[in-house]
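Residue numbering for the sequence shown follows the working numbering, beginning at 2 and increasing consecutively. Even glycine gets a Cβ: it sits at the ideal position worked out from N, Cα and C. Written out below as structure tokens is the structure these notes cover.
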Amino acid sequence: MVSAADRVRNPARNSVWLEGKTPRTRKADQPAGLDRDRITEVSVRLLDAEGLAKFSMRRLAAELNVTAMSVYWYVDTKDDLLELALDSVFSEITPPADTGDWRDRLRALATSYRELLVRHVWVSPLIGTFLNIGPHSLAFSRAVQDVMRATGLPPHGQMGGLSAVFQFVYGFGTIEGHFVQRCASAGMSQDEFFAQAMGTMSTAPQLRETFESAKDLMEARGGDTVAEMRERDFQFALETLIAGIEVMTAR
């Protein structure tokens, strides 16, 4: 087991993926059907259902119908388990074949990443908190790097191009996921929540000027539903970034 003191002394190695340990197999006194994969799977389900703030080893053990010590046989810490859960959901992104046009590959990766962030709202706070170097995360990272190399950007600009696209997607998907979650918590559809919020802002004296100045922009974006408006915004922004990469490559 990795001690807390070890993690403090060497925080850069604070990763379940750097400890070089083989996942433990079940002991005779451990519940049948319990292993690290099963624990990770149930952790993802709990995080999706209840969120990061409510997640605990005790709550997980109750969901698995085992003791907390049974869980700790397979993972040393809660952070280790969160790392495992984080990497496991990146398996939902299938990297596109590297034979296609880089623009189509970039669109596919950006769209899949956005969908991941919306589907698993708890993922965005964990990205950057952990090194995110599990096998599925690295497969995604390699696919992104391969696409950037294929753009024709000079080597010194490829990381900037990567950041422009995928940090945009991170921000867009994070806000979208939080909005979807907020609507669900309020027991309202996204369209109902949006209509109520816009109605409130339009009548608030301190917000009226800002609301009126943005009214033409809101109308011009088009779309009858929140989902349609958001999709148009995302696609336009992504195409703008792709066009920017083309310009920078030519320059």
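Asked	Found
Does DSSP put Ile-94 in a helix, in a strand, or in coil?	coil
When DSSP labels each residue in this structure, what does Met-2 get in the three-state scheme?	Only weak support exists for where Met-2 lies, its pLDDT of 46 falling under 50; the coordinates are left without a value.
Short of 7 Å in beta carbon distance, which residues of its chain neighbour Met-2, apart from the five on each side in sequence? Order them along the chain.	With a pLDDT of only 46 at Met-2, under the threshold of 50, the placement of this residue in the model should not be trusted; the figure read from the coordinates follows. Same-chain partners within the cutoff: Asp-77.
Should Met-149 be labelled buried (16 or more other beta-carbon atoms within 10 Å of its own) or exposed?	buried
Compare the Cα-Cα distances from Gly-85 to each of Thr-204, Ser-138 and Gly-162 and report the closest residue.	Contrary to the premise, residue 85 reads as Leu rather than Gly in this sequence. The shortest Cα separation from Leu-85 among Thr-204, Ser-138 and Gly-162 belongs to Ser-138.
Just to check my reading of the structure: Phe-141 and Ile-176 have Cβ atoms closer than 8 Å, yes? What is that Cβ distance to the nearest angstrom?	About 21 Å; that fails the 8 Å criterion.
Taking Cβ positions, are Pro-24 and Arg-37 nearer each other than 8 Å?	yes
Could you check whether Leu-118 and Gly-174 sit closer than 8 Å to each other, using their CB atoms as the reference points?	yes
Below 8 Å on the Cβ atoms is my contact criterion, and I expect Leu-239 with Arg-106 to pass it. Report the Cβ-Cβ distance as a whole number of Å.	Between Arg-106 and Leu-239 the Cβ distance is about 13 Å, and since that is not below 8 Å, they are no contact.
Under a three-way DSSP split, which group does Phe-169 fall into?	helix
Quick one: residues in its chain with C-beta nearer than 8 Å to the C-beta of Met-249, no 5 flanking neighbours on either side, listed in chain order?	Leu-154, Gly-158 and Gly-162
What span of residues does the alpha helix (DSSP H) with Pro-136 cover, start to end?	136-151
For Phe-237, count neighbouring Cβ atoms within 10 angstroms of its own Cβ and tell me buried if that reaches 16, exposed if not.	exposed
If I measure Cβ to Cβ from Val-17 and keep anything under 6 Å in the same chain, skipping five residues before and after, which residues do I get?	Asp-81 and Glu-84
Spell out a yes or no on whether the segment 64-73 and the segment 117-132 are touching, meaning 3 or more CB-CB pairs, one atom from each, closer than 8 Å.	no
For Phe-131, list the residues DSSP reports as bridge partners.	Ile-128
Taking only three categories from DSSP, how would you classify Met-219?	helix
Tell me the rounded alpha-carbon separation between Leu-242 and Gln-207.	35 Å
Return helix, strand or coil for Trp-18, following the three-state DSSP convention.	helix
Based on Cα-Cα distance, which residue from Thr-130, Ala-54 and Gly-172 lies nearest to Ala-111?	Gly-172
Note down, one range per segment and in chain order, each alpha helix (DSSP H) of at least 4 residues found wholly within the segment 200-249.	206-222
Which same chain residues, not among the five before or five after Met-202, have their C-beta less than 6 Å away from its C-beta?	Leu-208 and Phe-212
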